[in-house]
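Here the protein sequences line up with chains A and B, keeping their order.
Mind the numbering: the first sequence is residues 1 to 332 in the numbering used here, read in order.
Mind the numbering: the second sequence is residues 333 to 733 in the numbering used here, read in order.
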Amino acid sequence: MDNYQIIHFHHPLKLKNLSFLEISKKAKHIDKEASVDAFNLQYQDNIQPRLRTLLKMADTQRNPLVFFSISFLEQLESTDPDMLLELQENVNKEKISLIGSCAYHSFSYLCSHELFKEEAMLHKKLLKKFFQPSPEIFINTACLFDDEIANIVQQLGYNSIVATANTWHLAGKHSGQLYRANTTDDFNILLANGDDKEGFQISLINGYGSAYASNQIDDQIKNDVKINQLFISTSGKEQPVYAVSMPLTSPSWQYKIPDYTNNPLQKALLQQIADLFKNKGNIKDPEDLKVLMLLCQPDHLMSINQFSKDNGYNKFISSMNILTDLSLKYNN
Amino acid sequence: MKILMIGPGEPSRMNSGMGVACNHIAEELSQKTDLKLFSPETLEQGSKNTAHKKNTVKIHIDNELQDIQKLNADIVHIQIKNSINPYFYLSQTEEELSEEENNQIKDSLDSYTEGLIVEGEKIEFDLIYAHDWMSISAAIALKKKFKKPMVLHIHALDYDRTGKRSNSWLYKLEKEGLTEADAIIAVSQYHADIITKNYSISKEKIHVVHHGVTPAQLKPFKSPFKEPIVLFAGRLCAQKGAMDFVEAAKILHVKKENLRFVMAGEGELLPALINKCTEDGMMDKFHFTGHLTQSELFTLMSGSAIFVMPSTSDPFGLSALEAANVGLPVILSDQCGVKEVLPAAEIVSKADPKIYAQRIIKLTQNKESTEAHIKTNKEALKNQSWNNSVAQIVKIFENSI
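Shown next, in the form of structure tokens:
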């Protein structure tokens, strides 16, 4: 029976096509116009009704749990500031609970752990511009989890995480239970949203812009116990360890990890992003860091696919040109 | 003289070098003759305004004849499968077309041929001037019906793509066309010899007309890189030696030679090339540009240091001619036609990436001799204009009528 529901709101940002001949010509990499147009096109019919549902859930004490990406909040501020105000009021009054994640809902963890740390830190930091309460619980993009993620997320000040519970991996463990991380102390893992339909579930819902398979917000779900209290209520007891050596994602996410990482173009791109981030330790310009994170967005990685023929190759080439552009900027 | 030309009227991503050549030929011919051009309709928008456009009739071609992936530009035949293939996708091989796909292509060709014949019957002409395999069937039919001479201009053959004489329907079609033609124009002596040897065509029928070159109108490109750029431009396929270029780059990268490598073009080997560059740790010095327009390519050439064309068999190699015209030193495979008009080109007789690497080092380290190389080639190209090439073609027409 579904007891909880985490609703994800994200606004994927588009990157401009950069040709080889435009490298080092101070071109802008983020296509702000196209990104804004895409959001505004969907706002009236798709996004606003869902936000209204969220507000209704807050009004009726359902205590909804929500992830907002930074790009979503920034665009909402521009498109419908009144709606943002209402959301802020409800969050600040703790009628809506926030959950922490990656600023741009990206798969930066699959590229570079350091880049992921930057992105998660950025989410926490920039969320403060919009809301007073800070999230205490983390959920990675696609509920991606392994032991190292627990380590990193704890360093960011979180003390708990929602992780995927797959029965084939659980070997006797159950979703809905609290576990300790394998690699660090005082860090709790709540197993959720597994493929065991009979067990405890936290449904992971695509409010907008995410790739969770379900976009049906159940406005009847009431989080009887605030999720962070769920962690607190059982802490202090001896928790069993949940060890995951390789990343697992939620079965509720539309595609599997290899779909984002395994073809030669995707591998090459992720490797280059990781190398650039590692070697150019002085990438401090937030816009440039943002571009690296945006290159790891799930739909961007999915678009770089040899099977999408021309478009996939062109997107790859453009992405590599962007990386070259950044590399030259920091060389100079 | 009324000429019915059957072939692409403008360059596109599908027809590459042949498209560029036919575009120039049509432009010049329209000044010298009464030209009617039957050209396949393409999916691309924004085609160039050219002098001959008002004389162009577009004939519909089915998707099968436009599908780059299936046809590999204009390839319809198969290559021998490489049994050692560590990658899950096909890298240096092309998948054999199924019988059904072959039949679809043949049906599409028949339909295109019908369209050409229907249009051909509406006009008067003194001579049929056909380009490559897609035009052959219609050219033969019009020749027989109207008893007019046919000149067949060959840019590439099934033999070039497969590396061997095959028994495919395409080979047979080409042989029929070459046999029926009253005169054949080959783009190089290298290719004329291939036609004679592999299609059993008499030498007397074959006339060599090298491609011309126009003064490059380009926006100069100042490379943003400290390292000189070594450039490959062409289809990313086995025939163009794309993998040899990457292997040569790897040798130079391991030696820590201060160079950048750019591959301009698209093709089915792209994933394999990227994978190789990634595995060899070269991706930070290696760039793929994808498809570039002619003017973008010239611009890129102007900012490059060396041009390499390691083709396994190239009837001509127009991109090398253009590179030399822009002022690049060129390194060519022995198996190409363009070497006949570039006397100073570095010619590599064995397809060995080590040798290509050595020649690249030679050109980067010997500034004086490289300058002399460039100067000699540029001198040689002074008379290599499209106007002169087409004047030769017109003479062939006159002798055929």
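No residue lacks a Cβ here, since even glycine has one placed at the ideal position from N, Cα and C.
As the structure is a computational prediction, the values presented were derived from the model and not from experiment.
| query | result |
| --- | --- |
| Measure the Cβ-Cβ separation of V284(B) and F630(B) and say whether it is below 7 Å. | One cannot answer for residue 284(B) here, as it falls past the ends of chain B, which runs 333 to 733. |
| In chain order, what residues of the same chain have a beta carbon less than 6 Å from the beta carbon of G339(B), not counting five sequence neighbours either side? | C354, H463 and S467 |
| Give me the residue from L489(B), A656(B) and P603(B) with the minimum Cα distance to T546(B). | A656(B) |
| Does the CB of Q132(A) have a neighbour CB from chain B at under 7 Å? | no |
| Quick one: what's H463(B) bridged to in DSSP? | H485(B) |
| Should the segment 632-648 of chain B be regarded as contacting the segment 606-619 of chain B, the criterion being three or more beta carbon pairs within less than 8 Å? | no |
| Counting only C-beta atoms, is G351(B) closer than 7 Å to chain A at any point? | no |
| Name, in chain order, the residues that DSSP records as bridge partners for H619(B). | V594(B) |
| If you measure beta-carbon to beta-carbon, which residues of the segment 19-31 of chain A are closer than 9 Å to chain B? | S19, F20, L21, I23, S24 and K25 |
| Assess, as a yes-or-no matter, whether the segment 247-262 of chain A is touched by the segment 295-306 of chain A under the definition of 3 or more beta carbon pairs within less than 8 Å. | yes |
| If you draw a straight line from the C-alpha of S318(A) to the C-alpha of Q239(A), how long is it? | 48 Å |
| Under three-state DSSP, which class holds Q48(A)? | helix |
| In chain order, what residues of the same chain lie with their CB nearer than 6 Å to the CB of L695(B), ignoring the 5 residues before and after it? | I638, P661 and T702 |
| Between I139(A) and I437(B), what straight-line distance do the alpha-carbon atoms span, to the nearest angstrom? | 52 Å |
| What number of angstroms, rounded off, separates the C-alpha of I137(A) from the C-alpha of H10(A)? | 18 Å |
| How would you list, in chain order, the residues of chain B whose beta-carbon sits under 8 Å from the beta-carbon of Q340(A)? | Outside the shown range of chain A, which is 1 to 332, sits residue 340(A), and nothing can be said about it. |
| Can you pull the DSSP bridge partners for H8(A)? | F67(A) and N206(A) |
| Answer yes or no: do Y260(A) and L602(B) have a C-beta to C-beta separation smaller than 7 Å? | no |
| Go ahead and pull the three-state DSSP assignment for S665(B). | strand |
| Can you name the residues of chain A whose CB is closer than 7 Å to the CB of I606(B)? | P264, L265 and A268 |
| In the DSSP assignment, find the beta strand (DSSP E) that holds E536(B) and state where it starts and stops. | From DSSP, E536(B) is part of no beta strand (DSSP E); its letter is neither H nor E. |
| List, in order along the chain, the chain B residues whose C-beta lies closer than 7 Å to that of I317(A)? | F620, T621 and G622 |
| Look at the Cβ atom of E598(B), then the Cβ atom of G622(B), and state whether they are nearer than 7 Å. | yes |
| Nearest CA to the CA of V726(B): which residue from L459(B), A683(B) and I455(B)? | L459(B) |
| Given a limit of 9 Å on CB to CB distance, which residues of the segment 289-303 of chain A reach chain B? | none |
| Below 8 Å on the Cβ atoms is my contact criterion, and I expect L191(A) with Y242(A) to pass it. Report the Cβ-Cβ distance as a whole number of Å. | 7 Å |
| Identify the contact partners of E598(B) in chain A, using a Cβ-Cβ distance below 7 Å as the criterion. | Y313 |
| Would you mind reading off the limits of the beta strand (DSSP E) that contains K334(B)? | K334 to I338 |
| Any residues in the segment 110-122 of chain A with a beta carbon nearer than 9 Å to a beta carbon of chain B? Which ones, in chain order? | none |
| Which partner residues does V680(B) have in the DSSP bridge list? | S665(B) |
| Under 7 Å, do F593(B) and F620(B) count as touching if we go by C-beta distance? | no |
| Exposed or buried, which one is I733(B) when buried takes at least 16 other CB atoms within 10 Å? | exposed |
| So which residues of chain D does F553(B) contact, with C-beta pairs closer than 8 Å? | This model lacks chain D altogether; the protein chains it does include are A and B. |
| Starting from L328(A), find everything on chain B with Cβ-Cβ shorter than 7 Å and list it in chain order. | P556 |
| Let me see if you follow: with CB-CB separation under 7 Å, is L602(B) close to chain A or not? | yes |
| Between L144(A), C111(A) and C102(A), which has its C-alpha nearest K125(A)'s C-alpha? | C102(A) |
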